[in-house]
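My numbering applies: residue 48 is where the sequence shown begins, and numbers increase by one.
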Amino acid sequence: IFIGDAGRIVVLASVVLFVLSLLIWLFETKSAKAQQIAKVCFTLGCVGLFATFVCLGLLFSQNRFEYEYVWKHADSSNTLPYRIAGIWSGQQGSFLLWGVTAAIFGLLVVRKVGNYRRWFTIVYSTFLGSICGILAYESPFGLNLLNGRPIVPAEGLGLSPSLQNYWVIIHPPTIFMGFGSLTALFALAAAATIQRDFETWIPIVRPWALISMSLVGLGLCMGGFWAYETLGWGGFWMWDPVENVSFVPWLLTTAFVHGVIVQTNRKKWHISNLLLGGLPFLAFLYGTFLTRSGFLADASVHSFAEMNRSALKLLIGLMGVSTIGFMGVWLSRWFQARNEAVVEAPQGFHREGFYKVAALLLMGLGLAALIGMSIPLFMALSGKKPAVVEEHIYHLILPWLFIPLMILMAIAPFVSWKGTGGKDLSKRAYSILCVSFGFVGLLLLGIALTPLGQLADLHGFVTFPGGLHVPALPWILFLVGLCLFTIVGNLWRMSELVRGSKIGLAPFVTHLGVAVLMFGLIISRGFERKEQALVMENHPGMTSSYLIKYGGQTSTRMDRNNKVLFEVYDKSNLKKPMFVAKPGLYYVAADDGQENAMVWPHIQHHGFYDVYMALQPPQTQSAEPMTLLPNETKLFGDMAVTYLGMVRKGEPGQAGTKFGARLQVVKNGVATVVVPMMELGGGAAPIQHSAMLDPITKVDLMGMDVGAGSVTIQASMASMIYPIEIYHKPFTVFVWSGCGIMTFGGFLSAYYRRRVVRAAEVAEAEKAKAKEKKGHGASPRVAPAAGS
Numbered sequence: 048i049f050i051g052d053a054g055r056i057v058v059l060a061s062v063v064l065f066v067l068s069l070l071i072w073l074f075e076t077k078s079a080k081a082q083q084i085a086k087v088c089f090t091l092g093c094v095g096l097f098a099t100f101v102c103l104g105l106l107f108s109q110n111r112f113e114y115e116y117v118w119k120h121a122d123s124s125n126t127l128p129y130r131i132a133g134i135w136s137g138q139q140g141s142f143l144l145w146g147v148t149a150a151i152f153g154l155l156v157v158r159k160v161g162n163y164r165r166w167f168t169i170v171y172s173t174f175l176g177s178i179c180g181i182l183a184y185e186s187p188f189g190l191n192l193l194n195g196r197p198i199v200p201a202e203g204l205g206l207s208p209s210l211q212n213y214w215v216i217i218h219p220p221t222i223f224m225g226f227g228s229l230t231a232l233f234a235l236a237a238a239a240t241i242q243r244d245f246e247t248w249i250p251i252v253r254p255w256a257l258i259s260m261s262l263v264g265l266g267l268c269m270g271g272f273w274a275y276e277t278l279g280w281g282g283f284w285m286w287d288p289v290e291n292v293s294f295v296p297w298l299l300t301t302a303f304v305h306g307v308i309v310q311t312n313r314k315k316w317h318i319s320n321l322l323l324g325g326l327p328f329l330a331f332l333y334g335t336f337l338t339r340s341g342f343l344a345d346a347s348v349h350s351f352a353e354m355n356r357s358a359l360k361l362l363i364g365l366m367g368v369s370t371i372g373f374m375g376v377w378l379s380r381w382f383q384a385r386n387e388a389v390v391e392a393p394q395g396f397h398r399e400g401f402y403k404v405a406a407l408l409l410m411g412l413g414l415a416a417l418i419g420m421s422i423p424l425f426m427a428l429s430g431k432k433p434a435v436v437e438e439h440i441y442h443l444i445l446p447w448l449f450i451p452l453m454i455l456m457a458i459a460p461f462v463s464w465k466g467t468g469g470k471d472l473s474k475r476a477y478s479i480l481c482v483s484f485g486f487v488g489l490l491l492l493g494i495a496l497t498p499l500g501q502l503a504d505l506h507g508f509v510t511f512p513g514g515l516h517v518p519a520l521p522w523i524l525f526l527v528g529l530c531l532f533t534i535v536g537n538l539w540r541m542s543e544l545v546r547g548s549k550i551g552l553a554p555f556v557t558h559l560g561v562a563v564l565m566f567g568l569i570i571s572r573g574f575e576r577k578e579q580a581l582v583m584e585n586h587p588g589m590t591s592s593y594l595i596k597y598g599g600q601t602s603t604r605m606d607r608n609n610k611v612l613f614e615v616y617d618k619s620n621l622k623k624p625m626f627v628a629k630p631g632l633y634y635v636a637a638d639d640g641q642e643n644a645m646v647w648p649h650i651q652h653h654g655f656y657d658v659y660m661a662l663q664p665p666q667t668q669s670a671e672p673m674t675l676l677p678n679e680t681k682l683f684g685d686m687a688v689t690y691l692g693m694v695r696k697g698e699p700g701q702a703g704t705k706f707g708a709r710l711q712v713v714k715n716g717v718a719t720v721v722v723p724m725m726e727l728g729g730g731a732a733p734i735q736h737s738a739m740l741d742p743i744t745k746v747d748l749m750g751m752d753v754g755a756g757s758v759t760i761q762a763s764m765a766s767m768i769y770p771i772e773i774y775h776k777p778f779t780v781f782v783w784s785g786c787g788i789m790t791f792g793g794f795l796s797a798y799y800r801r802r803v804v805r806a807a808e809v810a811e812a813e814k815a816k817a818k819e820k821k822g823h824g825a826s827p828r829v830a831p832a833a834g835s
């Protein structure tokens with residue numbers, strides 16, 4: 048009990064410490080001693096969050112099932128990494144992870160904020176204090192109680208089966224590091240807005256904004272990889288509201304990064320960047336409310352359980368204070384800055400103009416996704432059942448923002464800040480376009496001359512706005528060509544800069560990664576081919592390309608590591624299987640006493656394409672019961688079934704007596720007699736003795752009416768049916784590689800910008816030191832002159 052008590056006490060102590068830090072900074076502006084106490088309180092509050100995380104981690108590592116949160120998200124069969132992952136697999140733990148990651152960035156950034164420290168800490172303490180307050184209401188240290196007394200269950204419920212994947216260990220900490228970093232951007236933007244210092248904060252925030260963009264982007268990609276390997280729908284992205292909760296802040300952070308570049312180089316966008324610096328955090332705060340409020344419980348596969356009402360009110364209060372307070376101060380600064388002199392933009396095409404359009408497009412994408420993820424909330428508030436916006440609706444709208452954005456990414460590297468003539472820029476664009484067309488031609492040649500053309504679906508249609516249906520092939524090739532246009536443009540520009548300053552390469556590496564990622568996503572989804580097969584234990588399944596045989600299972604049906612084995616043959620060569628697919632199958636007990644099947648796909652990587660096999664929950668297929676009178680014939684499929692008469696073995700009324708029905712089955716002109724039987728079990732349910740109508744179909748005697756002389760029979764498949772969906776996914780390797788390139792470019796930019804900031808700090812310190820030394824050296828010469 049001590050560890051849990053310690054965790055509860057530390058949470059409450061952290062609330063007090065953050066409130067003290069907030070109040071001291073708010074009301075004591077002159078006392079250096081008081082401010083030092085405020086700094087210590089803030090640091091200790093952050094340490095308190097770390098200690099709370101450690102306490103919860105100890106409870107999970109020790110399987111302390113007397114704690115309700117541990118009991119719900121852990122069991123003794125899990126390995127230590129999965130036990131630790133249980134910390135953030137539920138509502139309370141994810142809030143704690145958010146607080147811990149925000150505290151990490153708070154401690155890292157607060158040392159560098161200079162004159163912004165007061166308001167930076169006030170904003171940060173408000174947020175972290177609210178998180179601790181939520182954890183006080185929704186504590187992960189609550190005990191399992193029975194009649195008011197603690198109990199210790201023998202075993203925990205364990206992680207949800209869908210979470211038992213290695214991505215649960217690395218994805219949530221990564222993306223929450225990104226979410227935590229957004230707090231630092233918001234606090235700096237708020238401090239700069241309040242203090243009316245719109246310039247000094249930019250070099251401070253720039254490397255942290257790049258880190259935020261990179262971490263949230265990496266976390267988004269990890270979530271896509273996790274969905275691809277676990278959910279069994281053959282894709283990386285589904286436009287689920289919870290996916291958009293992460294996507295919108297990433298888009299807004301990316302817009303902010305470009306705004307910072309403009310302010311650094313052109314001394315413009317001061318007021319706009321204050322807004323862009325705060326919006327990513329506010330968008331995520333709104334998304335957190337959306338996913339924790341219960342509105343998405345029946346609409347999203349990712350939503351959390353509904354929050355404790357007091358904790359939810361605290362979250363709503365934090366969202367309201369943050370949004371209204373920040374937007375109110377920002378609007379006042381915007382009104383004050385309206386009459387300031389406007390710096391004229393250079394003539395012709397210039398990078399500032401490109402960045403402005405890019406920022407607007409990014410914000411437009413973010414707004415569209417924000418509206419889409421909010422539809423379930425709007426429906427719930429209007430009294431309707433919440434439902435998510437379907438994927439094809441996003442695809443009708445967002446490409447028209449995506450297309451100009453990719454064009455800008457391709458051309459902007461060749462545009463200077465001072466302006467570039469239209470003739471020079473068009474020559475560059477034409478050269479890049481020609482090379483891109485060449486690559487599209489090579490892609491078409493590859494489709495025609497390689498197995499890719501056989502594996503890809505080239506005959507689909509795409510729905511455009513207005514219900515217009517167009518062939519998918521030219522549309523997909525256009526989008527792929529657009530990505531290639533961006534890839535070629537950035538590689539071209541990088542080749543020109545490679546001998547110069549490496550700091551100029553990093554942004555184009557990031558652009559390259561985004562384009563490669565989108566190339567992989569578009570072509571893997573646009574050219575995917577989907578097939579279906581039904582496989583039985585004694586009957587293989589067939590597709591246009593494969594023959595699939597059932598090969599057994601690796602362990603029991605209740606073993607979460609159980610795999611179903613399927614031998615996959617090329618139909619042109621049935622001597623040796625191409626590979627053995629091993630999708631996961633695991634049964635869990637439901638509240639109604641039934642068993643629910645949990646399935647995981649098998650992904651066979653083949654270099655430039657994946658064979659994605661999604662096993663659906665196994666099933667048995669039964670026809671409707673059929674009643675037959677003596678000598679009556681009825682059709683079942685391609686078989687004619689005639690009831691010939693009753694059969695009995697044993698004495699009536701005795702246990703073990705069997706009753707049967709003689710059935711004549713005629714199939715393809717061949718008649719066979721079968722006798723399904725029903726054995727009385729002495730008061731228990733009758734025991735069925737099935738008869739085989741054909742190699743894959745059995746028939747059971749379900750009942751007899753002695754008065755009418757009729758029997759009721761039911762035909763069903765003789766063994767379990769395994770439905771399998773098979774996707775051929777070309778070029779998925781580019782999705783993974785694009786993510787890596789994009790993340791590397793973002794962190795490389797942050798590293799170089801951090802070095803620039805450090806160099807500026809060192810130069811400023813040396814300059815001050817030299818000035819001070821010069822002043823001390825001059826005084827002995829000045830003094831005698833004055834004395835004389």
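Beta carbons: idealized from backbone N, C-alpha and C, even for Gly.
| Item | Value |
| --- | --- |
| Cβ separation of Leu106 and Ile50, assumed to be a contact under 8 Å, to the nearest whole Å | 6 Å |
| Selected residue, minimal CA-CA separation from Ala239, among Gly271, Val170, Thr277, Pro288 | Val170 |
| Whole-Å CB distance - Lys745 paired with Ser763, under 8 Å assumed | 6 Å |
| Leu864 classed as buried or exposed, judged by whether at least 16 other C-beta atoms fall within 10 angstroms | Since the first residue of the chain shown is 48 and the last is 835, residue 864 is not available in this structure. |
| Per DSSP, cross-strand counterpart(s) of Pro296 | Partner(s): none; Pro296 has no beta bridge. |
| Residues near Asp747 in its chain [Cβ-Cβ closer than 6 Å; skip 5 each side] | Pro723, Gln735, Ser737, Gln761 |
| Close beta carbons around Ala53, own chain, < 7 Å, minus the five adjacent residues each side | Cys102 |
| Those residues which DSSP pairs with Glu614 across a bridge | Lys596, Val627 |
| Beta-bridge partners of Asn643, as assigned by DSSP | Val635 |
| Close Cβ partners of Leu154 (< 6 Å) along its chain, the five nearest in sequence each way excluded | Cys93 |
| Distance between Leu424 and Lys431 (C-alpha atoms, nearest Å) | 10 Å |
| Inter-stretch contact at 8 Å, needing at least 3 Cβ pairs: the segment 268-278 / the segment 216-226 | yes |
| Assigned exposure category for Ala447 - 16 Cβ within 10 Å defines buried | Ala is not the amino acid found at residue 447; the sequence shown has Trp there. By the 10 Å Cβ count, Trp447 comes out exposed. |
| Beta-bridge partners of Val199, as assigned by DSSP | Val199 pairs with nothing; no bridge assigned. |
| Supposed close pair Phe574, Ile523 - CB separation, criterion 8 Å | 7 Å |
| Counted within 10 angstroms of its Cβ, other Cβ atoms place Thr680 as buried (16 or more) or exposed | exposed |
| Alpha-carbon spacing of Leu795 relative to Met789, whole angstroms | 10 Å |
| Own chain, CB closer than 7 Å to Ala60, minus 5 neighbours either side, in chain order | Gly95 |
| contact_flag[the segment 454-463, the segment 357-377] where n(CB pairs < 8 Å) is 3 or more | no |
| Cβ-Cβ distance between Val263 and Met420 below 8 Å | no |
| Residue interval of the alpha helix (DSSP H) (run including Met764) | First-last for Met764: 757-764, but that is the beta strand (DSSP E), not the alpha helix (DSSP H). |
| Reduced DSSP category for Asp52 - H, G, I as helix; E, B as strand; rest coil | helix |
| Simplified DSSP state of Lys470, which is helix, strand or coil | helix |
| Extent of the continuous alpha helix (DSSP H) to which Gln83 belongs | 79-108 |
| Three-state secondary structure (DSSP) of Met693 | strand |
| Closest residue to Leu417 among Phe112, Tyr659, Ile56, Val295 (Cα-Cα distance) | Val295 |
| Residue range of the unbroken beta strand (DSSP E) whose run includes Pro770 | 768-777 |
| Ile198 burial status per 10 Å Cβ neighbour count (16 or more: buried) | exposed |
| The segment 246-260 contacting the segment 195-210, beta-carbon criterion three pairs below 8 Å | no |
| Run of the beta strand (DSSP E) containing Met583, from where it starts to where it stops | 576-583 |
| Sufficient close CB pairs (3 or more, under 8 Å) joining the segment 650-660 to the segment 770-781 | yes |
| Bridge partners - Gln651, DSSP secondary structure assignment | Val658 |
| Contact check, Gly203 vs Ala121, beta carbons under 8 Å | yes |
| Own chain, CB closer than 7 Å to Trp118, minus 5 neighbours either side, in chain order | Phe112, Asn191, Pro200, Gly203, Leu204 |
| Closest Cα partner of Leu480 within the set Ala562, Pro672, Thr533 | Thr533 |
| Touching by the beta-carbon criterion (3+ pairs, under 8 Å), the segment 464-478 and the segment 555-571 | no |
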